[in-house]
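Residue numbers (the working numbering), protein chains in the order written: chain G, 1 to 111; chain L, 1001 to 1113.
Heads up, the beta-carbon is just placed ideally off N, CA and C, and yes, glycines get one too.
Note that the coordinates shown come from a computational prediction; the quantities given were computed from them, not determined experimentally.
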């Protein structure tokens, strides 16, 4: 089955810096890669996603890149703000009815 | 729309007790699933359903049962609670398996003593 690895597990940056979180997946049939943000005590919420026929997608300060050959995808957050502090999860969807999540990255943005 | 709702928000059980975590969605989504979230382990899939009457196991199904008699409801049953089942449980739904955004419920924090 699909296995998703996520790094780093924690990431501390200064406000205004960029943050990058990386994930790798094992199943070459995976075709959809969402990223979720989870604030403390809240439910995970989708922030951006990408399909396997696209190499990059941007939405304001966040972007996701996908390298199908290497089977890895990354989340990029520019001009980080304290409200970006949260746990971020990547996931991979093989299309076989399961969305498999990485273990999460705790991002701390210091003012 | 209320989206995905879960009850209860908090629950404390003693070892060996059984209980049902409730989940409902009002978005007419065919696909529903249950995850447990433990520190450092992300979100692990327990069971999922691609439509009424159809369920299947995820990564960590042992100790849990599910059924899907209607499109709206997808309860999760703990048969005989164990301390290892102490976790936060999230129900989620998508329009169809493999398609579209997956929406999560607010979660149930379960403690088994």
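- Spanning the alpha carbons of residue 1084/L and residue 1054/L requires a straight line of approximately 27 angstroms.
- DSSP places residue 1029/L in no beta strand (DSSP E); its state is neither H nor E.
- Counting C-beta atoms within 10 angstroms of its own C-beta, residue 86/G has 16 or more neighbours from the protein chains shown and is therefore classed as buried.
- A straight line joining the alpha-carbon of residue 57/G with that of residue 47/G spans about 12 angstroms.
- Going by beta carbons, residue 103/G and residue 1003/L fall outside the 8 angstroms limit.
- Below 8 angstroms, enough C-beta pairs join the stretch 1033-1048 of chain L and the stretch 1074-1092 of chain L to call them touching: three or more.
- Look at residue 1075/L here: in three-state DSSP terms it is coil, with no helix or strand label.
- Taking 8 angstroms as the CB threshold, residue 1045/L lines the interface with chain G.
- In this chain, residue 3/G is not harboured by any beta strand (DSSP E), its DSSP state being neither H nor E.
- Against chain G, the CB of residue 1057/L has no partner CB under 8 angstroms away; the residue lies outside that interface.
- In terms of Cα proximity to residue 1018/L, the closest of 1076/L, 1061/L, 1057/L is 1076/L.
- Using a Cβ distance threshold of 8 angstroms, residue 49/G and residue 35/G count as a contacting pair.
- 30/G is the residue among 22/G, 83/G, 23/G, 30/G whose C-alpha sits nearest the C-alpha of residue 51/G.
- The straight-line gap separating the alpha-carbon atoms of residue 1073/L and residue 32/G is approximately 26 angstroms.
- Relative to residue 38/G, the option among 94/G, 28/G, 83/G whose CA is nearest is 83/G.
- Just so you know, the alpha carbons of residue 1066/L and residue 1080/L end up roughly 14 angstroms apart.
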